[in-house]
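Participant:
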Amino acid sequence: MSSGSSSEPAAETGTEPATPTETATPTETPESTPESLDDWLDDANGYDGEPRRFGPQSRPTVWVGQETESGLAFDPPVIEVPPMTLVRWDWTGHGGQQNVVALDGPFDSGRTNAQPGTKYHYFFEETGEYRYVSEPNRDGGMKGAIIVKEPPSSGNTKVDEWLAAASNFEGTIVDRTDTDTATVTAGAEGNGGQFAFDPPALKISTETTVRWEWTGEGGPHNIVSKGDGPLDSELVAEEGNTYEHTFEETGTYLYSCMPHKSLGMRGAIVVE
Numbered sequence: 709m710s711s712g713s714s715s716e717p718a719a720e721t722g723t724e725p726a727t728p729t730e731t732a733t734p735t736e737t738p739e740s741t742p743e744s745l746d747d748w749l750d751d752a753n754g755y756d757g758e759p760r761r762f763g764p765q766s767r768p769t770v771w772v773g774q775e776t777e778s779g780l781a782f783d784p785p786v787i788e789v790p791p792m793t794l795v796r797w798d799w800t801g802h803g804g805q806q807n808v809v810a811l812d813g814p815f816d817s818g819r820t821n822a823q824p825g826t827k828y829h830y831f832f833e834e835t836g837e838y839r840y841v842s843e844p845n846r847d848g849g850m851k852g853a854i855i856v857k858e859p860p861s862s863g864n865t866k867v868d869e870w871l872a873a874a875s876n877f878e879g880t881i882v883d884r885t886d887t888d889t890a891t892v893t894a895g896a897e898g899n900g901g902q903f904a905f906d907p908p909a910l911k912i913s914t915e916t917t918v919r920w921e922w923t924g925e926g927g928p929h930n931i932v933s934k935g936d937g938p939l940d941s942e943l944v945a946e947e948g949n950t951y952e953h954t955f956e957e958t959g960t961y962l963y964s965c966m967p968h969k970s971l972g973m974r975g976a977i978v979v980e
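Counting in this note's numbering, the sequence shown runs from 709 upward without gaps.
(1) Return the chain-ordered list of same chain residues with a C-beta closer than 7 angstroms to the C-beta of glycine 901, the five sequence neighbours on each side being excluded.
(2) Rounding to the nearest angstrom, what Cα-Cα distance links proline 768 and valine 867 in this structure?
(3) Report, in whole angstroms, the separation of the C-beta atoms of isoleucine 855 and valine 786, which I expect to be a contact under 8 angstroms.
(4) In angstroms with no decimal places, state the Cα-to-Cα distance between alanine 896 and threonine 954.
(5) Can the beta-carbon of asparagine 753 be found closer than 7 angstroms to that of alanine 781?
(6) Which residues does DSSP pair with tryptophan 797 in a beta bridge?
(7) Hey, glycine 959 and valine 979: beta-carbon distance below 7 angstroms or not?
(8) For glutamate 837, which residues from the same chain have a beta carbon less than 7 angstroms from its beta carbon, with the 5 sequence-adjacent residues on both sides left out?
(9) Comparing alpha-carbon positions, which option in Arg796, Glu743, Asp883, Glu788 lies nearest leucine 811?
(10) Identify which residue in Ala894, Trp797, Glu834, Ala890 has its Cα closest to the Cα of proline 967.
(11) So does aspartate 888 have its beta carbon nearer than 6 angstroms to some heavy atom of the ligand NAP?
(12) Residues bridged to histidine 802 by DSSP?
(13) Assuming serine 842 and methionine 850 are in contact, meaning their beta carbons sit under 8 angstroms apart, how far apart are those beta carbons, in whole angstroms?
(14) Measure the CB-CB distance between tyrosine 961 and glycine 935 and report whether it falls below 7 angstroms.
(15) Along the alpha helix (DSSP H) that carries threonine 865, what are the first and last residues, could you check?
(16) If the criterion is Cβ atoms closer than 7 angstroms, does the pair tryptophan 797 and valine 770 meet it?
(17) According to DSSP, is tyrosine 961 helix, strand or coil?
(18) Under 7 angstroms between the Cβ atoms of alanine 890 and valine 918?
(19) Given that a residue counts as buried once 16 or more other Cβ atoms are within 10 Å of its Cβ, and exposed if not, what is glutamine 765?
(20) Quick check for students: name the residue ranges of the beta strand (DSSP E) that lie wholly in the segment 909-975, counting only runs of 3 or more.
(21) Three-state secondary structure (DSSP) at arginine 846?
See the structure below:
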């Protein structure tokens with residue numbers, strides 16, 4: 709299996725990836741990539757305009773040759789990761805010969821391959837935007853991007869680590885310490901669909917009641933604490949459903965929607 713080294717250009721099959729020996733550097737050639745990333749991705753098959761975010765210590769996998777209504781795609785087509793992340797591409801075997809080739813470097817899986825189970829990986833160390841294609845289907849919209857950037861920071865380490873994969877978290881903890889009731893929407897837009905809590909992070913005072921209100925979008929959701937915390941609602945899909953909890957003790961309370969936790973549907977309550 710290739711690690712992105714020029715001495716081993718081809719992706720291999722049936723083995724786990726070796727530790728990469730070369731790291732990516734962002735493309736800085738204006739002549740070859742004059743468009744903004746959003747413009748370039750406008751015809752990327754399977755892309756809905758929202759990158760899939762992954763937090764630190766994650767090992768994202770991108771499927772090569774995913775079938776979509778618009779054609780073959782990388783799935784997810786665009787991901788956002790922090791520096792020092794290993795990204796792996798796995799071939800589905802759909803659509804014939806495929807490869808993974810960055811525009812203007814720095815990674816290249818080598819010759820095309822059609823065999824399911826083929827794997828290729830690359831280690832991204834520096835921040836930047838890395839555009840890539842499958843050469844046989846580039847003109848058909850099989851393109852993707854890796855966005856490498858520092859994760860959002862609120863200054864609260866517990867919150868930042870827990871919400872690193874939540875696409876609607878931008879480092880802000882919404883202050884509701886001046887009210888005795890605060891509302892969080894369950895099934896808000898985010899994480900590739902209606903799979904978010906809004907706001908994802910909330911700061912309240914003790915004796916404040918938080919009420920979660922369901923939008924009815926994104927399928928069934930629930931509110932479940934990480935570990936042995938106090939939150940544990942039923943799994944419900946209907947619009948208008950609510951769940952409440954009054955926080956009596958200070959602390960940081962982390963929770964998620966269990967069916968969509970892996971997508972980034974997570975939340976945090978900071979009680980002062």
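Ideal Cβ placement from N, Cα and C applies to all residues, glycine included.
Just so it is clear, the structure is predicted and the values come from calculations on it, not from any experiment.
Facilitator: In short:
(1) Start at 1 with the first residue of the sequence shown, and residue 901 comes out as number 193. Hits under 7 angstroms: Gly926.
(2) Taking the sequence shown and counting its residues from 1, one reaches residue 768 at position 60. Taking the sequence shown and counting its residues from 1, one reaches residue 867 at position 159. Cα to Cα, the separation comes out at about 21 angstroms.
(3) One-based indexing of the sequence shown puts residue 855 at position 147. One-based indexing of the sequence shown puts residue 786 at position 78. Yes, they are in contact, since the Cβ atoms of isoleucine 855 and valine 786 sit about 7 angstroms apart, within 8 angstroms.
(4) Residue mapping note: residue 896 aligns to position 188 of the sequence shown, counting from 1. Residue mapping note: residue 954 aligns to position 246 of the sequence shown, counting from 1. Cα-Cα distance, rounded: 22 angstroms.
(5) Your numbering for residue 753 matches position 45 in the sequence shown. Your numbering for residue 781 matches position 73 in the sequence shown. Closer than 7 angstroms, so yes.
(6) Working through the sequence shown from its first residue, we reach residue 797 at position 89. Bridge partners of tryptophan 797: Val770, Tyr828.
(7) Position 251 of the sequence shown holds residue 959. Position 271 of the sequence shown holds residue 979. The answer is yes: Cβ separation under 7 angstroms.
(8) The count along the sequence shown starts at 1 and reaches residue 837 at position 129. Closer than 7 angstroms at the Cβ level, and outside the excluded window around glutamate 837, lie Pro734, Leu745, Ala853, Ile855.
(9) Taking the sequence shown and counting its residues from 1, the one referred to as residue 811 is at position 103. When only C-alpha atoms are compared, the closest one is Glu743.
(10) Position 259 of the sequence shown holds residue 967. Cα-wise, what sits closest to proline 967 is Ala894.
(11) The ligand NAP is not part of this structure, which contains no ligands at all.
(12) On the sequence shown, position 94 is the one that residue 802 refers to. BP columns for histidine 802 are empty, so no partner.
(13) Indexing the sequence shown from 1 puts residue 842 at position 134. Indexing the sequence shown from 1 puts residue 850 at position 142. Contact holds; Cβ gap of about 4 angstroms.
(14) As a first step, residue 961 must be located in the sequence shown, where it is residue number 253. As a first step, residue 935 must be located in the sequence shown, where it is residue number 227. Their beta carbons are not under 7 angstroms apart, which means tyrosine 961 does not touch glycine 935 by this criterion.
(15) Taking the first residue of the sequence shown as position 1, residue 865 is located at position 157. Segment 865-870, the alpha helix (DSSP H) holding threonine 865.
(16) For this step, residue 797 is matched to residue 89 along the sequence shown. For this step, residue 770 is matched to residue 62 along the sequence shown. Yes; because the gap between Cβ atoms is below 7 angstroms, this pair is in contact.
(17) The residue labelled residue 961 in the question sits at position 253 within the sequence shown. The answer is strand: DSSP assigns tyrosine 961 an E or B state.
(18) Taking the first residue of the sequence shown as 1, we reach residue 890 at position 182. Taking the first residue of the sequence shown as 1, we reach residue 918 at position 210. For alanine 890 and valine 918, yes; Cβs fall inside 7 angstroms.
(19) Indexing the sequence shown from 1 puts residue 765 at position 57. Glutamine 765 comes out exposed.
(20) 909-912, 916-922, 950-955, 959-964
(21) Walking along the sequence shown from the start, residue 846 turns up at place 138. Three-state result, arginine 846: helix.
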